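Student:
Number of protein chains: 2
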Amino acid sequence: MGKVITGATMSLDGFIAGPEETGFDLLFQWYGNGDVEIPSASPDVPPFRISAASAELVRHEWADIGALVVGRHLYELTNAWGGRHPLDVTTVVLTHRRPEDRPEDDENFVFVTDGIEAAVAQAKELAGDRNVVVNGGQMARQCLEAGLLDEVGVELVPVVLGGGKTLFGELAGTPVQFEGPVAVVQGTGVTHLRYRVRR
Amino acid sequence: MGKVITGATMSLDGFIAGPEETGFDLLFQWYGNGDVEIPSASPDVPPFRISAASAELVRHEWADIGALVVGRHLYELTNAWGGRHPLDVTTVVLTHRRPEDRPEDDENFVFVTDGIEAAVAQAKELAGDRNVVVNGGQMARQCLEAGLLDEVGVELVPVVLGGGKTLFGELAGTPVQFEGPVAVVQGTGVTHLRYRVRR
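Going down the list, the protein sequences come from chains A and B. With numbering that gives the first Met the number 0, letter number 175 in the first sequence gets 174, and the count goes up by one each step, no holes. With numbering that gives the first Met the number 0, letter number 49 in the second sequence gets 48, and the count goes up by one each step, no holes.
1. Mind reading off the beta-carbon distance from V69/B to T90/B? Whole number of angstroms is fine, and I expect it under 8 Å.
2. Out of M138/B, L166/B, A126/B and L155/B, state which residue places its alpha-carbon closest to the alpha-carbon of A66/B.
3. If I measure Cβ to Cβ from W80/A and keep anything under 7 Å in the same chain, skipping five residues before and after, which residues do I get?
4. Along the chain, where does the beta strand (DSSP E) that runs through V156/B open and close?
5. Would you report the Cα separation of P157/B and T5/A, rounded to the nearest angstrom?
6. By how many angstroms is the C-alpha of G152/A removed from the C-alpha of Y194/A?
7. My assumption, with CB atoms under 8 Å, is that R140/A sits in contact with D63/A. Please give the rounded CB distance.
8. Measuring alpha carbon to alpha carbon, tell me which of R58/A, R96/A, A171/A and R48/A ends up nearest A145/A.
9. For a quick check, are the C-beta atoms of F47/A and Y30/A less than 7 Å apart?
10. Going along the chain, which residues of its own chain have a beta-carbon closer than 7 Å to the beta-carbon of I37/B, five neighbours each way excluded?
11. Which residue's Cα is closest to the Cα of R97/B: G17/B, N107/B, V111/B and P85/B?
12. Tell me whether S10/A sits in a helix, a strand or coil according to DSSP, three-state version.
13. Compare the C-beta of Q137/A against all C-beta atoms of chain B and say whether one is closer than 7 Å.
14. Starting from the Cα of E19/B, find the closest Cα among G162/B, A7/B, D105/B and F177/B and give me that residue.
15. Looking at C-alpha atoms only, which residue of S39/A, H191/A and V175/A is the closest neighbour of D87/A?
16. What residues match up with E20/A in a beta bridge as DSSP calls it?
17. Within the continuous alpha helix (DSSP H) that includes Q121/A, where are the two ends?
18. Leaving out five residues before and five after G1/A in sequence, what residues of the same chain have Cβ atoms less than 8 Å from its Cβ?
19. With distances taken Cα to Cα, identify the nearest neighbour of E60/A among F23/A, H191/A and E106/A.
20. Determine the direct distance from the alpha carbon of N107/B to that of P85/B, and round the result to whole angstroms.
21. Apart from the five residues just before and just after A118/A, which ones in its own chain have a Cβ nearer than 7 Å to its Cβ?
22. Where V175/A and A16/A are concerned, what is the direct C-alpha to C-alpha distance, given to the nearest angstrom?
23. For E55/B, report the span of its alpha helix (DSSP H) as first-last.
24. Residues in its own chain within less than 6 Å of V189/A by CB, not counting five upstream and five downstream?
25. Determine, for Y74/B, whether the minimum Cβ-Cβ distance to residues of chain A falls below 7 Å.
26. Assign G186/B to one of two classes, buried (16 or more other C-beta atoms within 10 Å of its C-beta) or exposed (fewer than that).
27. Per DSSP, I37/A is paired with what?
28. Tell me which residues share the same chain as H95/A and place their Cβ nearer than 8 Å to its Cβ, disregarding the 5 neighbours each side in the sequence.
29. Residues of chain A with CB closer than 8 Å to the CB of F167/B, please, in chain order.
30. Mind checking the region 174–198 of chain B against chain A and listing, in chain order, the residues whose C-beta falls within less than 8 Å of any C-beta there?
31. What do you reckon, is the C-beta of T187/B under 6 Å from a heavy atom of the ligand HEM?
32. Taking 7 Å as the CB-CB limit, is L25/A close to chain D?
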């Protein structure tokens, strides 16, 4: 049985998106500042070029991902990654209403309208023994609140954005303590930190 | 000539204080979860008991501190640390008005009323060749905005607070990029990260 994981690239002052959806160029510099190329399955997203240390970590992690869960906001913001997520897995989109421009669920996107539990359950079914990654702060928040989350990955980058969206947004039941970090890996311009949710 | 450094213990979601000044017990758990005792010069603050890894790092850093700069808010919040700062150095307090319950500047506290530049200059004079540490998010923000800051230390702890005060508050001129981390040390329940301000 796989795990349910959330991951986010976060600024030094705690923001996963800057004010009014800015700052992504700075947050995601580490996707392009290295020598190791990792292919992208998205026609809109170029191959990743990351440092050897980052690659050593995320290659293993990404290979273990069986399905993704994202919110409608991220799906729209990325323009559905041009048709398929860079990580080359089926993406479950939690939404209030199915988009009209996509005829049916396919191998790229599955739409779920009845809540985070159903979205994660669907993704787990798709992932089999592999892990489910839940992306976007609001999805991560709902997942943690529902007790569905096993691990949190933070890619901490040396930029201060001064405002924006925080890791788990307006999380209920705070403070919440985690175990770890169970892993700390220093890449170029990014510190990869891994935590476990306490049970 | 010493450096001007700010340091803060920060939650995994980027807060150096929780909502309405809560969360300090969780933020500062690492001050008491280890085996290595480091004395405190404050009558109100018990000796630190930190992990060997944390001690190895902060012993050197703390020995290099020649003076502190804090804001009036932190001075009041801590009740002036009972008379002397735990790190056993003179603390420069930036304030609009001198507190009436303290007769004159002494070896414990010096009060400066004419801005962050003056406060840092005063602290540098006191520190000599050693470093000046600027504490409290608002002081750190003003220091960074005034181009006075050389380094930033973040002690990242595995707790999500969900709200509160961020590392540099409402910093002007964002985004701001830093160099590093130039050091990453994993203690027990805390990750010590050190960054340099870009010139």
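Just so you know, even glycine gets a beta-carbon here, dropped at the ideal spot from N, CA and C. Values in this document were obtained by computation on a predicted structure and should not be read as measured data.
Tutor: In short:
1. Stepping through the second sequence from its first residue, residue 69/B is reached at position 70. Stepping through the second sequence from its first residue, residue 90/B is reached at position 91. With a Cβ gap of about 6 Å, V69/B and T90/B count as contacting.
2. Counting from 1 along the second sequence, the entry for residue 66/B is found at position 67. For the residues M138/B, L166/B, A126/B and L155/B, the minimum Cα distance to A66/B belongs to A126/B.
3. For the purposes of this step, residue 80/A is identified with residue 81 of the first sequence, where counting begins at 1. The residues are S41, D43 and V44.
4. One-based indexing of the second sequence puts residue 156/B at position 157. Looking at the DSSP string, the run of the beta strand (DSSP E) that includes V156/B is E150 to V156.
5. The residue you call residue 157/B lines up with position 158 of the second sequence. The residue you call residue 5/A lines up with position 6 of the first sequence. Distance between the alpha carbons of P157/B and T5/A: 15 Å.
6. Here residue 194/A refers to the residue found at position 195 when the first sequence is read from its first residue. Here residue 152/A refers to the residue found at position 153 when the first sequence is read from its first residue. Approximately 6 Å between the Cα atoms of the pair.
7. Numbered from 1 along the first sequence, position 141 holds the residue referred to as residue 140/A. Numbered from 1 along the first sequence, position 64 holds the residue referred to as residue 63/A. That pair is no contact at about 23 Å.
8. Here residue 145/A refers to the residue found at position 146 when the first sequence is read from its first residue. Residue A171/A is the option with its Cα nearest to A145/A.
9. As a working note, residue 47/A is residue 48 in the first sequence. As a working note, residue 30/A is residue 31 in the first sequence. Yes; because the gap between Cβ atoms is below 7 Å, this pair is in contact.
10. Position 38 of the second sequence, counted from the first residue, corresponds to residue 37/B. Answer for I37/B: P46, F47, I49, A54 and R58, listed in chain order.
11. Here residue 97/B is taken as the residue at index 98 of the second sequence, counted from 1. Nearest C-alpha to R97/B: V111/B.
12. Here residue 10/A corresponds to residue number 11 of the first sequence, with the count starting at 1. The answer is strand: DSSP assigns S10/A an E or B state.
13. Translated into the one-based positions of the first sequence, residue 137/A becomes position 138. Closer than 7 Å: no.
14. The residue labelled residue 19/B in the question sits at position 20 within the second sequence. That would be G162/B, whose Cα lies nearest to the Cα of E19/B.
15. Here the question's residue 87/A lines up with position 88 in the first sequence. Among S39/A, H191/A and V175/A, the Cα nearest to that of D87/A belongs to S39/A.
16. Locating residue 20/A in the first sequence gives position 21, where the first residue counts as 1. DSSP output for E20/A lists no bridge partner at all.
17. Residue mapping note: residue 121/A aligns to position 122 of the first sequence, counting from 1. I115 to A126 is the extent of the alpha helix (DSSP H) around Q121/A.
18. Here residue 1/A corresponds to residue number 2 of the first sequence, with the count starting at 1. The residues are D63, G65, K123, A126, G127, D128, R129, N130 and V131.
19. As a first step, residue 60/A must be located in the first sequence, where it is residue number 61. Per the Cα distances, H191/A.
20. Against the second sequence, residue 85/B aligns to sequence position 86. Against the second sequence, residue 107/B aligns to sequence position 108. Cα to Cα, the separation comes out at about 11 Å.
21. If you number the first sequence from 1, residue 118/A lands on position 119. Hits under 7 Å: V68, V91, L93 and V111.
22. Residue 175/A sits at position 176 when you count from the first residue of the first sequence. Residue 16/A sits at position 17 when you count from the first residue of the first sequence. Those two C-alpha atoms are separated by around 21 Å.
23. For the purposes of this step, residue 55/B is taken as the residue at position 56 of the second sequence. Per DSSP, E55/B belongs to the alpha helix (DSSP H) from A51 to A62.
24. As a first step, residue 189/A is located in the first sequence; it is residue number 190 there, counting from the start. Closer than 6 Å at the Cβ level, and outside the excluded window around V189/A, lie W29, E154 and V156.
25. As a working note, residue 74/B is residue 75 in the second sequence. No, because no Cβ of chain A sits closer than 7 Å to the Cβ of Y74/B.
26. Numbered from 1 along the second sequence, position 187 holds the residue referred to as residue 186/B. Per the 10 Å Cβ criterion, buried.
27. Here residue 37/A is taken as the residue at index 38 of the first sequence, counted from 1. I37/A is bridged to F47/A.
28. Position 96 of the first sequence, counting from 1, holds the residue named residue 95/A. Cβ neighbours of H95/A beyond the five flanking positions: R71 and T112.
29. To locate residue 167/B, count along the second sequence from 1; it is residue 168. Within chain A, the residues near F167/B are D12, V159 and G161.
30. P174, V175, Q176, F177, E178, G179, P180, V183, Q185, T190, L192 and Y194
31. The ligand HEM is not among the ligands present in this structure, which contains no ligands whatsoever.
32. Annotation note: the requested chain D is absent from the structure, which comprises protein chains A and B.
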